[in-house]
Amino acid sequence: MSPPAGAVVIGGGFAGAAAAVELVKRGRRVIVLEARRRAGGRAASSIDEESGETIDNGQHLLMGCYTATRRLLADLGTAHLVRFQKRLSITMLEEGGRALRLACPPLPSPLHLLAGLLTFKGLTLADKIPLVRAAPRLLDSGGEGLTVEGWLDAMGQTENLRERFWRPLAVAALNEDTRVAGAELLTGVMRTAFGAGAAGSGLGIPTAGLGDLCAVPLAGWLR
50 MSPPAGAVVI GGGFAGAAAA VELVKRGRRV IVLEARRRAG GRAASSIDEE
100 SGETIDNGQH LLMGCYTATR RLLADLGTAH LVRFQKRLSI TMLEEGGRAL
150 RLACPPLPSP LHLLAGLLTF KGLTLADKIP LVRAAPRLLD SGGEGLTVEG
200 WLDAMGQTEN LRERFWRPLA VAALNEDTRV AGAELLTGVM RTAFGAGAAG
250 SGLGIPTAGL GDLCAVPLAG WLR
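Start counting the sequence shown at 50; every next residue gets the next number (the numbering used here).
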């Protein structure tokens with residue numbers, strides 16, 4: 050019997066790792082090529098020379114709806130290094146020390162998100178009215194051809210609501226400036242995170258550096 054055909058994966062980030070693991074599962078011999086000195090792509094870690102602390106580059110939070118990422122971490126044996134909330138609850142600390150907490154109650158999705166935002170003390174009535182008006186379209190509007198900011202313009206969202214909810218969500222989920230990031234990516238996250246159960250919007254907080262979640266164990270797994 051001839052040996053299985055080989056495959057080359059370009060890039061050792063999460064996408065490359067997922068491709069490599071899937072190819073190995075299908076019986077392929079895999080080589081991963083990475084142009085940088087360390088693998089990880091936008092989810093890499095390094096050691097700060099002065100403090101000795103592990104510094105992450107990239108997405109610091111996961112969400113419960115990241116089913117493909119969670120499946121990859123399970124394959125690599127690192128799923129236990131991420132702690133997930135049962136539903137979204139996050140405290141934001143503003144300049145000056147004021148703490149604001151966004152907590153979604155145990156309601157069917159996406160009502161839990163709307164209820165959480167309507168009780169969020171950082172928003173005024175002027176913010177909440179356009180939010181309620183846009184609510185029926187938030188999970189259905191695709192945002193094709195728009196940036197995140199352009200999509201928020203179309204949804205009539207206020208500056209305060211953008212600053213306190215939309216931009217933190219978009220940057221955390223997409224790792225990109227909202228003036229550049231495509232709205233279709235954010236609306237896809239919205240549908241997946243807030244349209245299929247409260248657990249999908251719960252945050253996942255890694256207890257180890259991002260490199261230890263994927264890049265480092267990938268090398269050992271492939272060997």
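Every residue gets a Cβ at the ideal spot worked out from N, C-alpha and C, and that includes glycine. This one's a predicted model, so the numbers in the text were calculated from it and none came from an experiment.
Validate contact between the stretch 153-165 and the stretch 246-256 using beta carbons, cut 8 Å, 3 pairs: yes
The stretch 59-79 touching the stretch 224-237, judged by at least three CB pairs closer than 8 Å: no
Bridge-paired residues (DSSP) for I139: Locating residue 139 in the sequence shown gives position 90, where the first residue counts as 1. Paired residues: L151.
Local conformation of T127 per DSSP, three classes: For the purposes of this step, residue 127 is taken as residue 78 along the sequence shown, with counting starting at 1. T127: coil per DSSP, three-state reduction.
Range covered by the alpha helix (DSSP H) that runs through R186: Here residue 186 refers to the residue found at position 137 when the sequence shown is read from its first residue. Residues L174 to L187.
Counterpart residues of F133 in DSSP-defined beta bridges: Along the sequence shown, one-based indexing puts residue 133 at 84. Per DSSP, G253.
From G258, G113, G65 and E144, residue whose alpha carbon lies closest to that of R213: The residue you call residue 213 lines up with position 164 of the sequence shown. Nearest C-alpha to R213: E144.
Helix, strand or coil at D202 [DSSP, three-state]: For the purposes of this step, residue 202 is identified with residue 153 of the sequence shown, where counting begins at 1. The answer is helix: DSSP assigns D202 an H, G or I state.
CB contact flag (A123, L267, <8 Å): Here residue 123 corresponds to residue number 74 of the sequence shown, with the count starting at 1. Here residue 267 corresponds to residue number 218 of the sequence shown, with the count starting at 1. Taking 8 Å as the Cβ cut-off, A123 and L267 do not qualify as a contacting pair.
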